[in-house]
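Colleague: The opening residue of the sequence shown carries number 3 in our numbering; numbering runs sequentially from there.
Questions regarding the structure given below will be posed in turn.
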Amino acid sequence: MEAIDFQTDFSPRYGELVEVAPGIRRIVANNPGPFTGPGTGTYIVGNGEVAVIDPGPMMPEHVEAILSGLKGEHVSHIIVTHTHTDHSPASRLLQQKTGAGIFAFGPHADLDAGALEGGVDRDFKPDFTVVDSEVIEGKDWQLQAIHTPGHCSNHLCFAISEADALFCGDQLMAWATPVILPPDGSIADYINSLKHLSTRAESTFYPTHGLPIENPKKLIAAFIQHRLDRIEQVKGALSQGVNTLTNLRKLLYKDIPSSLYAGAELSLLASLEYLEHQGLAAKTVEPSSQSQQWQWIV
Ligand SMILES: [Zn+2]
């Protein structure tokens, strides 16, 4: 598998509003971790009358930092890329303090997330639902929504024409590939969303986590290839008869701690669902198995 040229040298000043381009500021929440990298980057669009994109996790100190950074300005819109707990939960708190309306694709899809339930924000409900291509207009900015399911089925990116830039949420990041976890996540949708984004003309993408992406088309091509390579590995294992989640995990994720087994198996399930979706694998139950373990055949 060809390595992706990741950029990891990002050490944000937590809780501080930083201008990243004219009319775009960022403030990073102090919630670093394996899925959030350096932390959730909340973006502020405009000057004076502003939009806040992804207020972040339920961290009152982050909301306080946003508000003190915006002293003397007015928050007119709260915009959410998707309903994961590092992006949407602080929306209501920010709304209580500012009165701004909350804009997003919709609540989290009504699917059982099982072991990953902790990562989804079931309480989130936008005041205004936003569809693909819709334009949200502020005083001195316009954001066009782009529906990009895959990482999360309600994921939106936002293009800002004033700045030749696009806010890409968790669709792309410079330091890691995002996790795609069924049932809400889908690799087929994710690859389609990446292909759609590769047709965009904006030259800078701002991800929620980590550094800006200055050559998005190149990174998108590498991300698509990375997914397809992973799927080929899974297909290769299936054709050798390694065909249960546990055995695939033992083969393809050799050195991970047991705390990551469930996540690794869900990632594998996403690849298997993709192969099924493409008609390249089928699911069957081992007849003699006590546990009725699923098997996949190519
Ligand atoms: Zn995130």
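Glycine residues also receive a C-beta, built at the ideal position from the N, C-alpha and C atoms.
It should be emphasised that the depicted structure is a prediction, and the values quoted were computed from it without experimental measurement.
Using DSSP's beta-bridge definition, name the partner residues of residue 147.
Modeller: Answer is 160.
Colleague: Counting along the chain, where does the beta strand (DSSP E) carrying residue 23 start and finish?
Modeller: Per DSSP, residue 23 belongs to the beta strand (DSSP E) from 20-23.
Colleague: Assuming residue 25 and residue 165 make a contact with CB atoms under 8 Å, what is their CB distance in whole Å?
Modeller: Their Cβ separation, rounded to whole angstroms, is 6 Å, which keeps residue 25 and residue 165 in contact under 8 Å.
Colleague: Hey, quick one: how far does the alpha helix (DSSP H) through residue 276 stretch, first residue to last?
Modeller: Counting along the chain, the alpha helix (DSSP H) containing residue 276 begins and ends at 263-279.
Colleague: Determine the closest residue to residue 169 out of 46, 276, 242, 279, with distance taken between C-alpha atoms.
Modeller: Looking at the Cα atoms, 46 is the closest of the given residues.
Colleague: Any heavy atom of ligand 1 inside 7 Å of the beta-carbon of residue 257?
Modeller: Residue 257: no, Cβ never under 7 Å from ligand 1.
Colleague: So does residue 210 have its beta carbon nearer than 7 Å to some heavy atom of ligand 1?
Modeller: Yes - ligand 1 has a heavy atom lying nearer than 7 Å to the Cβ of residue 210.
Colleague: What residue range does the alpha helix (DSSP H) around residue 297 cover?
Modeller: Looking at the DSSP string, residue 297 is not in any alpha helix (DSSP H); the run it does join, the beta strand (DSSP E), is 296-299.
Colleague: Specify the secondary structure class of residue 27 as computed by DSSP and reduced to three states.
Modeller: Residue state, collapsed to three classes: strand.
Colleague: Among 77, 104, 71, which one has its Cα closest to the Cα of residue 90?
Modeller: Residue 90 has its Cα closest to that of 104, out of 77, 104, 71.
Colleague: State whether the segment 190-197 contacts the segment 234-245, with contact taken as three or more CB pairs (one from each stretch) at a distance under 8 Å.
Modeller: Taking 8 Å as the limit for Cβ pairs, the verdict is that the segment 234-245 does not touch the segment 190-197.
Colleague: Can you tell me which of 122, 147, 53, 110 puts its alpha carbon nearest to the alpha carbon of residue 96?
Modeller: The shortest C-alpha separation from residue 96 is found at 53.
Colleague: Use the C-beta contact count for residue 259: other C-beta atoms within 10 angstroms, 16 or more gives buried, fewer gives exposed.
Modeller: Residue 259 should be labelled exposed.
Colleague: What residues are listed by DSSP as bridge partners for residue 45?
Modeller: Residue 45 is bridged to 28, 55.
Colleague: Which first and last residues belong to the beta strand (DSSP E) in which residue 285 is found?
Modeller: That run of the beta strand (DSSP E) goes 284-287.
Colleague: Could you check how far apart the C-beta atoms of residue 147 and residue 130 are, in whole angstroms? I think they sit under 8 Å.
Modeller: Residue 147 to residue 130, Cβ: 11 Å. No contact.
Colleague: With a threshold of 16 other CB atoms inside 10 Å of the CB of residue 172, please say whether the residue is buried or exposed.
Modeller: Answer is buried; the Cβ neighbour count reaches 16.
Colleague: According to DSSP, is residue 193 part of a helix, a strand, or is it coil?
Modeller: The answer is helix: DSSP assigns residue 193 an H, G or I state.
Colleague: Thinking residue 88 and residue 58 are a contact (beta carbons under 8 Å), I'd like their distance in whole angstroms, please.
Modeller: Rounded, the Cβ-Cβ distance is 7 Å, consistent with contact.
Colleague: If you drop the 5 nearest sequence neighbours on each side, which residues of the same chain put their C-beta closer than 6 Å to that of residue 38?
Modeller: Result list for residue 38: 88, 211, in chain order.
Colleague: Please report the straight-line C-alpha distance between residue 140 and residue 22, rounded to a whole angstrom.
Modeller: The straight-line gap from Cα to Cα measures roughly 19 Å.
Colleague: I'd like the list of long-range same chain contacts for residue 145, defined as Cβ closer than 6 Å, with 5 residues on each side in sequence excluded.
Modeller: Taken in chain order, the residues that qualify are 138, 160, 162.
Colleague: With DSSP run on the structure shown, which of helix, strand or coil describes residue 132?
Modeller: Residue 132 falls in the coil class under three-state DSSP.
Colleague: Could you check where the alpha helix (DSSP H) with residue 89 kicks off and where it finishes?
Modeller: Taken as a continuous stretch (DSSP letters only), residue 89 belongs to no alpha helix (DSSP H), as it is neither H nor E.
Colleague: Here's a check: name, in chain order, each residue in its chain whose Cβ is nearer than 7 Å to the Cβ of residue 285, leaving out the five neighbours to either side.
Modeller: Same-chain partners within the cutoff: 278, 296, 298.
Colleague: Starting from the C-beta of residue 216, find all residues in its chain whose C-beta is less than 8 Å away, skip the five residues before and the five after it, and write them out in chain order.
Modeller: Excluding positions up to five away in sequence, the list reads 205, 206.
Colleague: Find the nearest neighbour of residue 155 within the set 200, 275, 107, judged by alpha-carbon distance.
Modeller: The option with the nearest alpha carbon to residue 155 is 107.
Colleague: Rounding to the nearest angstrom, what Cα-Cα distance links residue 175 and residue 29 in this structure?
Modeller: About 17 Å.
Colleague: Determine whether the beta carbon atoms of residue 273 and residue 189 lie at a separation below 8 Å.
Modeller: In contact: residue 273 and residue 189 (Cβ atoms closer than 8 Å).
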